[in-house]
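Report on the following structure.
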Amino acid sequence: MWWFRKREKVHFDYTHDIHSHVLPGVDDGVRTYGESIIVLKGLSSLGVKRVTCTSHVYFPALMNGRENLYPLLEDLRAGLQKEGIEIELDLGAEYRVGEYMLSLIERGEILSGDEKRVLVEHNFLSPSPFFDQVVFELQTRGYEVVLAHPERYVFWADDIVRHGEELKNKNCRLQVNILSFAGYYGKEAQRGAERLHDAGMIDYYAGDVHGMRHVEAIGEFLKG
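With numbering that gives the first Met the number 0 as the guide, the letters of the sequence shown map in order to residues 0 to 223.
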């Protein structure tokens, strides 16, 4: 049973989840094909119509790309159709910002879903010194850059709204995890999410789903 702090209910559109780890066996998310189908069925039951699959990418340990991810996406699409689950999938990634991204950008190997939207993240302990350069190179090529879960970065906890303003001035979009509002990641992340929401800075509310535990928790939050 999840406990949610009493405050004004957060309203947002959750028909397209732009941040998920539902491709099986490629990162710290869903492990098996069967689990992927169950998770996607659960998201569909919450009203989600479209999911962008954003497996982790970071150098050198986890260099996922189209070659290994797209076949998994196609398998899931076929499985969803067979099961009668009406949910669309597209292929993106969640890139931990680093120098390696500059090579991927130059070679045209960035995964950005169907809308040229690139999801990026910092290390949770410190911001990347390559962030501004990566953002510039992506935006120059017409990509929309979205920073994942800024509310969870401890190095911004002191003044999250100011940091949000700085990101907005760089034309970055902000994606906050739905479960941050539930205190799932701790009090600091919850406060950060609430402050960004109250300041009107959030562009995307997403699940960052790694398994059914997250789907169930999101369901509890939406019911609350």
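Where is the CB? At the ideal position from N, CA and C, for every residue including glycine.
Check: Thinking C-alpha only, which one of 191, 88, 129 is nearest residue 100?
Finding: When only C-alpha atoms are compared, the closest one is 129.
Notebook entry, point to check: Is it buried or exposed for residue 170, if we count other Cβ within 10 angstroms and need 16 for buried?
Noted result: exposed
Check: Under 8 angstroms, do residue 76 and residue 88 count as touching if we go by C-beta distance?
Finding: yes
Margin query: Could you tell me the alpha carbon to alpha carbon distance between residue 47 and residue 216, rounded to whole angstroms?
Written below: 15 angstroms
Item checked: Range of the contiguous beta strand (DSSP E) that encloses residue 133 -> Where residue 133 is concerned, there is no enclosing beta strand (DSSP E), although the alpha helix (DSSP H) it sits in stretches over 130–139.
Item checked: Nearest-angstrom Cα separation, counted from residue 107 out to residue 185 -> 37 angstroms
Note to self: For residue 218 and residue 45, which I take to be in contact (beta-carbon distance under 8 angstroms), what is that distance rounded to the nearest angstrom?
What the structure shows: 6 angstroms
Next item on the list: Just the C-alpha distance for residue 212 and residue 181, rounded to the nearest angstrom, thanks.
Entry: The C-alpha of residue 181 is placed about 14 angstroms away from the C-alpha of residue 212.
Item checked: First through last residue of the beta strand (DSSP E) which encompasses residue 204 -> 203–205
Check: Would you call the CB atoms of residue 92 and residue 71 closer than 8 angstroms?
Finding: Result no, Cβ atoms of residue 92 and residue 71 do not sit closer than 8 angstroms.
Margin query: Extract the residue ranges of the alpha helix (DSSP H) inside the region 10–77, only unbroken runs of 4 or more that lie entirely within it.
Written below: 32–44
Notebook entry, point to check: Given a threshold of 16 other Cβ atoms within 10 Å of its Cβ, counted over all protein chains shown, does residue 17 qualify as buried or as exposed?
Noted result: Classified as buried, residue 17 has 16 or more neighbouring CB atoms from the shown chains inside 10 Å of its CB.
Notebook entry, point to check: Counting pairs of beta carbons, one from the region 188–205 and one from the region 26–34, are three or more of them closer than 8 angstroms?
Noted result: no
Item checked: Pick from 116, 15, 168 that is closest to residue 39, judged by C-alpha positions -> 15
Check: Would residue 147 be called buried (16 or more neighbouring beta carbons within 10 Å of its own) or exposed?
Finding: buried
Next item on the list: Report all residues from its chain with a CB closer than 8 angstroms to the CB of residue 179; omit the five preceding and five following residues, and keep chain order.
Entry: 148, 150, 151, 188, 189, 191, 192
Notebook entry, point to check: Around the Cβ of residue 23, are there at least 16 other Cβ atoms within 10 angstroms (buried) or fewer (exposed)?
Noted result: Around the beta carbon of residue 23, a 10 Å sphere encloses 16 or more other beta carbons of the protein chains shown; the residue is thus reported as buried.
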